[in-house]
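By the numbering used here, the letter at position 252 of the sequence shown is numbered 234, and the numbering carries on one by one without gaps. Before any comments, here is the structure.
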Amino acid sequence: MNNGIPAARALFGTDGIRGRANVHPMTAETALRLGQAAGLMFTRGSHRHQVLIGKDTRLSGYMIEQALTAGFLGAGMDVVLAGPLPTPAIAMLTRSLRADLGVMISASHNPYEDNGIKLFGPDGVKLSDSREAEIEALMASDLRTELASPDKLGRARRLNDAAGRYVEGVKSTFPKGLRLDGLKIVVDCAHGAAYRVAPTALWELGAHVIPMGVAPDGFNINKGCGSTVPGELCAAVVENNAHLGIALDGDADRLILADEHGEIVDGDQILALIARSWAKADRLTGGGIVATVMSNLGLQHFMRDLKLDLHRTNVGDRYVAERMRALGINLGGEQSGHVILSDFSTTGDGLVAALQVLAVLVRQGAPASEICRVFTPSPQLLRNVRFTGPTPLTDPRVKAAIADAEATLGPEGRLLIRPSGTEPLIRVMAEAADSALIARIVGELCEVIAAVARTPETAA
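And the structure:
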């Protein structure tokens, strides 16, 4: 669409378009334009083209859904509305329905005031940077002569059994012959997209399910709950004498676990557990796993001890998935809880990943505290600094402070400074054997960045 010349991306970030609802770029106008442009780009051939649209439980989802629908219909695409469903469900159903495009309306772990739009190709894979740039360039062009004639407009319909289809797909990933009978599981759905399907899938597999975060009202998604705020989950696990706690985020593409003592199990430990289990079963392909620059050094050392590789990518499950496909690897993810099991899904799926952990618990019959503590993490500290305006990372004072910190850490440590792809934050992470040292280095760096940004730092 742009004569083969890569276009700049102003709307798309690391995970689609995201921003405050009803404020540019997350407006009905942008959504309408996106629907028109993406609809035109993915219309190929003479068949009736269709797009699947899902969403989480944010109030603004109604506005964005309707605007996108109008855009796609105007481009001549039929629209299938799935309603509130996890992001991985939309990826799965896009392939199952043989749709030409899939769309998820969600801002993942962000508060209800934000929203976002993620696009999936007909293979259920998130679109590449270059394809998103092409769509953005098309959105900026004059589309009036390209839109459908009155007799070619699309139609819209609801997919009434979408949730049931996804539940069956999730259950099919659990090993045949195993059940969850006798296990008491607390599941926190963050008042988000999995509020119905996650408890249902676990219950149908035999678990005694204690649901939390299953009363969305449009405003409470991720509020004091879910994978980013797992405190209440941990308390509920201990209070109910549960075997495991599962915390999902707003669109259920990531998870954090809590063992029977209410202790957190992060994405790195989940990756290590599944990698070891799959390697023993000769199911792990590609000779290793893919993780990001944020994953703990302890995970890297654990993989080395298993004689397996750990390949690092930029932060973002889309980049993890791309590297997995390139290397023929079927397991990858992020410390934050995105876990991609490409045998089952094209994107992170918190519920499917949880079932893989539960399969190990069932087979070994040991408590989660023993099974899920796979490696000893290296001391690691992450803090965020919020900023407004241009990034402070280009300031000479910040560059000098980073150089000093790297020299202090030396070759045995690791420093990572990066802007968030979804919020106006600078993430400062350091890793080394000396906890006091990394606390001092991160604190000093945050002070410099905050002074340049003229805004207070925030907790990670």
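Note that CB positions come from ideal geometry on N, CA and C, so glycine has one too. If you're wondering where the values come from, they're calculated on a predicted model, not measured in any experiment.
A contact is defined here as three or more CB-CB pairs under 8 Å, and the stretch 349 to 359 meets this definition with respect to the stretch 236 to 243. Using a 10 angstroms sphere on the CB of K262, the tally of other CB atoms stays under 16, which defines it as exposed.
The beta carbon of I431 sits closer than 6 Å to those of V367, P374, V380 and I408, all from its chain and outside the five residues before and after it, given in chain order. P359 is positioned such that its CB atom lies no closer than 9 Å to that of G249. Beta bridge pairing from DSSP links I87 with K37 and I99. Between the alpha carbons of R15 and M23 lies a gap of roughly 12 Å. Sequence-distant partners of P361 (beyond 5 residues in either direction) whose C-beta falls short of 8 Å from its own C-beta, in its chain, are E413, A414, A415, D416, S417 and I420. For the 9 Å CB-CB criterion, V33 and L141 do not form a contact.
If the five residues before and after A336 are omitted, its C-beta is found closer than 6 Å to the C-beta atoms of I228 and L237, all from its own chain and listed in chain order. For T12, same chain residues with a beta-carbon under 6 Å away, outside a window of 5 residues either side, do not exist. CA-CA distance, I322 to P132, rounds to 42 Å. Taking N202 as the centre and dropping the five residues before and after it, the same chain places the C-beta of H173 closer than 6 Å to its C-beta, in chain order. By DSSP's assignment, D170 forms a beta bridge with M194 and A229. Judged by DSSP in its simplified three-state form, V5 adopts strand. Per DSSP, G315 is one residue of the beta strand (DSSP E) stretching across L313 to G315. By the CB criterion at 9 Å, P68 and D233 fall inside the cutoff. With 16 or more other CB atoms across the displayed protein chains lying within 10 angstroms of its CB, Y148 is buried.
Nearest to I252 by C-alpha distance, out of E186, G332 and R400, is G332. If you draw a straight line from the Cα of R294 to the Cα of V220, it comes to about 35 Å. 9 Å or more divides the Cβ of G310 from the Cβ of G330. In the structure shown, the three-state DSSP call for E394 is coil. Residue pairing by DSSP places Q251 in no beta bridge whatsoever.
Minimum Cα-Cα distance from K37 among the listed residues N92, G98, G1 and F284 corresponds to G98. By the neighbour-count definition (other C-beta atoms within 10 Å, threshold 16), Y44 is an exposed residue. Taking a C-beta distance under 9 Å as the contact criterion, T51 and G17 qualify as a contact pair.
Within its own chain, the residues whose Cβ lies closer than 8 Å to the Cβ of T25, once the five positions on either side in sequence are excluded, are H31, A57, G58, M59 and D82, listed in chain order.
By the Cβ test, the stretch 162 to 169 is in contact with the stretch 189 to 196, since at least three Cβ pairs between them sit closer than 8 Å. DSSP places K134 within a helical segment (H, G or I) once states are collapsed to three. The bridge partners DSSP lists for G244 come to none.
Spatial neighbours of M74 in its own chain (CB-CB distance under 6 Å, excluding positions within 5 residues in sequence) are listed in chain order as G151.
The C-beta of P212 has 16 or more other C-beta atoms within 10 Å across all chains shown, which makes the residue buried. A Cβ-Cβ contact shorter than 9 Å links L397 with E388. Under DSSP, P66 shares a beta bridge with K37. Per DSSP, R15 has no beta-bridge partner at all.
As far as DSSP is concerned, D287 takes part in no beta bridge.
In the three-state reduction of the DSSP assignment, T(-4) falls in the strand class.
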